[in-house]
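Engineer:
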Amino acid sequence: MALNALKFYSDTFGQLRIEIRENSATGPLRCAAGPSTGSTTRVLIRNAQGYEVHEPGSAPRTDLYQAILLALPADQREALGVKPGDGAALKQWIKQHVESLAERRVVLAEAPVPVIQSRETSELLGGPVYSRCTNAQPWTNPEHARMTLQLLFPQMSEARLNVFLDEIPPFDLRNTLNRLTEEKQQLHVDLYNWKKSSINTHSYPLSDRQIRHSRKHLARRLERCWGDRFAEYTDSWGHVQRGAVLNLDGITMPPELPVLSANFDHVTVLTSNNCGFNLAHSDFLKLFPSLRGLSLADNGLTRVPEALQQMHFLRDLKLSGNRLELSGEDAATLNTLRHPQKPRPEQQPSDSDPRHRWDARPAPALPRKHAHRHLAGRAIRTAAQRRLHP
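If you read the sequence shown in the working numbering, its first letter stands for residue 728, the second for the next number, and so on.
#1: In the DSSP assignment, the beta strand (DSSP E) including R769 goes from what residue to what residue?
#2: Between which two residues does the beta strand (DSSP E) holding A886 run?
#3: How would you label G977, buried or exposed, when you count the other beta carbons within 10 angstroms and need 16 or more for buried?
#4: Quick one: give me the first and last residue of the alpha helix (DSSP H) that A916 is part of.
#5: Whose CA, out of F1011, Y931, R748, lies closest to the CA of T998?
#6: Quick one: measure Cβ to Cβ for L1035 and T1060, integer angstroms, because I've assumed they're closer than 8 Å.
#7: Starting from A1024 and walking both ways along the beta strand (DSSP E), at which residues does that stretch end?
#8: Give every residue of the same chain whose Cβ lies closer than 8 Å to the Cβ of R744, excluding the five residues on either side of it in the sequence, and list them in chain order.
#9: For the pair the region 1000–1009 and the region 963–980, tell me if three or more CB-CB distances fall below 8 Å.
#10: With distances taken between CB atoms, is the gap from G954 to L879 smaller than 8 Å?
#11: Distance check for G1048 and T1029, CA to CA, integer angstroms please.
#12: Could you check which residue in F991, L1006, F1040 has the C-alpha nearest to that of D1057?
#13: Bridge partners of N1001, per DSSP?
#14: Whole angstroms is fine: what's the gap from P1076's alpha carbon to G1027's?
#15: If you compare alpha carbons, which of L797, D962, S925 is closest to L984?
#16: Which one of P783, S737, E779 has the shortest CA to CA distance from E749?
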């Protein structure tokens, strides 16, 4: 502002150029005033100690106004009515010629004046109507998309990354990348807030430190699972299945699980065995509607989680080692499973031991021509069991 005030309200920069650079005469240019083709160029060097004029035998570092006076020729100082070393007078001269701070704020707050396009420019650009009708190129550069995916999913292999790019239409690639970026950021924020939230340990068998530890490990598993896209695994029948596996076995569940908006539809197997999973955690299962396998064995469940009603692809359900007491609602929940393999009790309940062992696993599909052999073999095994256990 000081240099511009001298430029607009005096003839200081007729053939003079003043540059202010950082730390050295060749350092980054902070600002400049005067013609670049002027006959004289003076450089002011700025650092933490103040300003210095770059010339042999220059004065020690001083403030900005003193340095400007030292850089000005003698005739220009006389025209301004100031003398060397009278930086305060130059400062007052600048204040008298510039608008007040309040007036400058009003001007800066005003909307910029729109630039009116000339007729020649409009014709060269095709006119405003043509520019509005021309659709912008929505496609994203493949290399940029690849780099973005590598940042989003650092653990993704090159083969899976290629599958990802092949399955997304080019016209939808940009929107997909933007959505995934926002989703990952929101997931990180939600998990961070959950980890730092207050803890209510009333009637809960874990200390605050143990709960913080569990939250930390669970959040790490969830973030890693979110990025496990286009994964594959081998099921218990030796078949390669597509989908991610979320393994929470052994992680002691905190009193409350996080409420997330992220998409976990790619998760097809969830195991949470021997970790204290109970009915208070049931809503957490709603994050995984595409599960084909769910194992909640050896936990504190007394009822069947209602979230199973929305798991239309569930084929492998393990609830053994829980204290289940099936009610009519639980039976209705199990009946909502569309696949013919329903959970069945493998161990009959008794009055002394109310634990139920539930383990449902579908048999592998057999060719039609071998189906009668499978049924015959099962009938033989059933008859043998009856003879052994009359």
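Note that beta-carbon positions come from the ideal geometry of N, C-alpha and C, so glycine has one too.
Bear in mind that the values here come from a model prediction, so they are computed numbers and not experimental data.
Structural biologist: Well, looking at it:
#1: The residue you call residue 769 lines up with position 42 of the sequence shown. Here the beta strand (DSSP E) through R769 covers 767–774.
#2: Numbered from 1 along the sequence shown, position 159 holds the residue referred to as residue 886. No beta strand (DSSP E) holds A886; the alpha helix (DSSP H) holding it covers 885–894.
#3: Walking along the sequence shown from the start, residue 977 turns up at place 250. With a threshold of 16 other beta carbon atoms within 10 Å, G977 falls short and is exposed.
#4: Mapped onto the sequence shown, residue 916 falls at position 189. Rather than Ala, the amino acid found at residue 916 in this sequence is Val. V916 -> alpha helix (DSSP H) spans 900–923.
#5: As a position in the sequence shown, residue 998 is number 271, starting the count at 1. It is F1011 whose Cα lies nearest to the Cα of T998.
#6: If you number the sequence shown from 1, residue 1035 lands on position 308. If you number the sequence shown from 1, residue 1060 lands on position 333. Sure, about 5 Å apart at Cβ, within 8 Å.
#7: Taking the sequence shown and counting its residues from 1, the one referred to as residue 1024 is at position 297. Here A1024 belongs to no beta strand (DSSP E), and DSSP marks it neither H nor E.
#8: Position 17 of the sequence shown, counted from the first residue, corresponds to residue 744. Once the five neighbours on either side are set aside, the close Cβ partners of R744 are A759, A760, G761, P762, S763, G765, T767, T768, R769.
#9: yes
#10: Translated into the one-based positions of the sequence shown, residue 954 becomes position 227. Translated into the one-based positions of the sequence shown, residue 879 becomes position 152. Cβ distance < 8 Å, so G954 and L879 count as in contact.
#11: Reading the sequence shown from its first residue, position 302 is the one you call residue 1029. Reading the sequence shown from its first residue, position 321 is the one you call residue 1048. C-alpha separation (whole angstroms): 11 Å.
#12: By 1-based counting over the sequence shown, the position of residue 1057 is 330. The residue with the shortest Cα to Cα distance from D1057 is L1006.
#13: The residue given as residue 1001 occupies position 274 in the sequence shown. BP columns for N1001 are empty, so no partner.
#14: Along the sequence shown, read from residue 1 onward, the residue named residue 1076 stands at position 349. Along the sequence shown, read from residue 1 onward, the residue named residue 1027 stands at position 300. Confidence in P1076 is poor, its pLDDT being 37 and thus under 50, which makes the residue's placement unreliable; the coordinate value appears in the next sentence. In a straight line, the C-alpha of P1076 is about 16 Å away from that of G1027.
#15: Residue 984 sits at position 257 when you count from the first residue of the sequence shown. If we check each option's Cα against that of L984, S925 comes out closest.
#16: Start at 1 with the first residue of the sequence shown, and residue 749 comes out as number 22. Distances from the alpha-carbon of E749 to those of P783, S737, E779 put E779 closest.
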